[in-house]
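Data block below; observations after.
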Amino acid sequence: MMPSTPFTIDIRQGPDAKRETKDLEAAFARRSMMLVRRLLGEDRLIDLLRDETAASTKFWRKVSADSNGEWKAARIVLSPRGLTSRDFINWFIPAEGGMLPEQEKLAAHPEHWVVRPGTEPRTMTVLETLGDKPTLFSLSFTVVRADFVKDDPTFTTKMTARGFIEGGIQIIELYHQFKDHADGQGFDVDLAIYFPAACGEDVVECHRQHLLVEFSNWSKQAYEALKLV
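Below is the structure:
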């Protein structure tokens, strides 16, 4: 007969690192994925996922057509402390424009497969999992605010970009907003990725989780980089 006690584990003697098991697992996963990415290289990764990205392109074409110009946002709000919004943005987007595809930034989420400079200024070629769909798209940072985004004028700094799949079909509107705390010791960031409305709530919720993982890691990376200056 199965025991009736709920499953738990007491760590009576463990590693010196005082971190949660899931945190350790995530660090190992990121390290493993970075090793695979480095050994395969960007072109082979794109070739490896070609069937998946072809299927996702079909999906995005259909939901774009079915959305009739309507969009829905995957949105979260975070409040990092220990650095300002300018500290973060200067680390994240250097003065020459575009997020440079350094390995540390790529490792912020295990499903960042490829991020590299695009063929046009201030663009990137991105292979990233959106929802459960590895998607190959171009991300342009040379855009202005779309009419459908929710703008908050109290968030004085904006980060905007627009993502397109093959054929010039837009699948992403990126609109992140930053506001420093009054004490100068942190900032609020309203993170929003808009998708064609017909994509489904599962895609939107998954990207909320995606944003939480990557921006939590990016904020910590920016803070640690600032301490080394």
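For reference, each letter of the sequence shown is one residue, going 2 to 230 in this note's numbering. Virtual Cβ for every residue (Gly too), placed ideally from N, Cα, C. Just so we're clear, the structure is a prediction, and the values are computed from it rather than from any experiment.
Thinking just about the alpha-carbon of each residue, which of the options is nearest to the one in residue i?
i	options	result
ASP153	ASP189, THR120, MET125	ASP189
VAL187	GLU21, ALA199, ASP88	In the sequence as presented, Val is not what sits at residue 187; that position holds Gly. Ranking GLU21, ALA199, ASP88 by Cα distance to GLY187 puts ASP88 first.
GLU167	LYS19, ALA226, THR126, GLU71	THR126
SER86	LEU50, VAL145, PHE156, ALA108	PHE156
ASP148	PHE142, THR161, LEU140, SER141	THR161
ALA198	VAL150, PRO4, GLU103	VAL150
LEU107	LYS180, PHE165, ARG31, LEU213	ARG31
GLU103	GLN222, ALA66, ALA28	GLN222
ASP67	ALA109, LEU40, PHE196, VAL205	PHE196
LYS219	ARG38, PHE93, LYS228, ASP48	The sequence given here places Trp at residue 219; Lys does not occur at that position. Comparing Cα-Cα distances from TRP219 to each of ARG38, PHE93, LYS228, ASP48, the minimum goes to PHE93.
MET35	CYS200, THR143, ARG146, GLU105	GLU105
GLU53	LYS134, THR9, SER33	LYS134
GLN171	CYS200, ASP44, HIS211	CYS200
Within 10 angstroms of the Cβ of residue i, are there 16 or more other Cβ atoms? Answer buried if so, exposed if not.
i	result
GLY42	exposed
THR136	buried
PRO16	exposed
GLY169	exposed
ILE12	exposed
GLN178	buried
GLY132	buried
ILE194	buried
GLY164	buried
ALA75	buried
LEU192	buried
VAL204	buried
Measuring straight from C-alpha to C-alpha, what distance separates residue i and residue j?
i	j	result
THR58	VAL64	10 Å
GLU112	GLU129	6 Å
HIS182	SER80	9 Å
THR6	THR22	21 Å
THR124	SER139	7 Å
SER141	ILE77	22 Å
GLY83	VAL115	30 Å
LYS19	PRO118	38 Å
ASN91	THR158	12 Å
ALA27	LEU213	14 Å
HIS110	CYS207	13 Å
PHE216	GLU225	14 Å
LYS228	TYR176	28 Å
LEU50	ILE10	38 Å
GLU145	LEU40	What sits at residue 145 in the sequence shown is Val, not Glu. Those two C-alpha atoms are separated by around 38 Å.
GLN210	PHE8	26 Å
ASP44	ASN69	34 Å
Assuming residue i contacts residue j under a Cβ cut-off of 8 Å, what Cβ separation, rounded to an integer in Å, is found between them?
i	j	result
TRP61	GLU174	TRP61 to GLU174, Cβ: 13 Å. No contact.
LEU46	ARG38	6 Å
Taking 7 Å as the CB-CB limit, is residue i close to chain D?
i	result
LYS180	The chain inventory of the structure shown lacks chain D, comprising one protein chain alone.
Continuous alpha helix (DSSP H) assignments of at least 4 residues falling wholly in the stretch 35-118: 43-49, 51-67, 86-93, 104-107
Return the chain-ordered ranges of every beta strand (DSSP E) run that is complete within the stretch 159-217 and spans a minimum of 3 residues. Residue ranges of uninterrupted beta strand (DSSP E) with 3 or more members, entirely inside the stretch 159-217 and ordered along the chain, are 170-181, 188-197.
Which runs of the beta strand (DSSP E) at least 3 residues long sit entirely within the stretch 118-163? Give them in chain order. 124-131, 134-141
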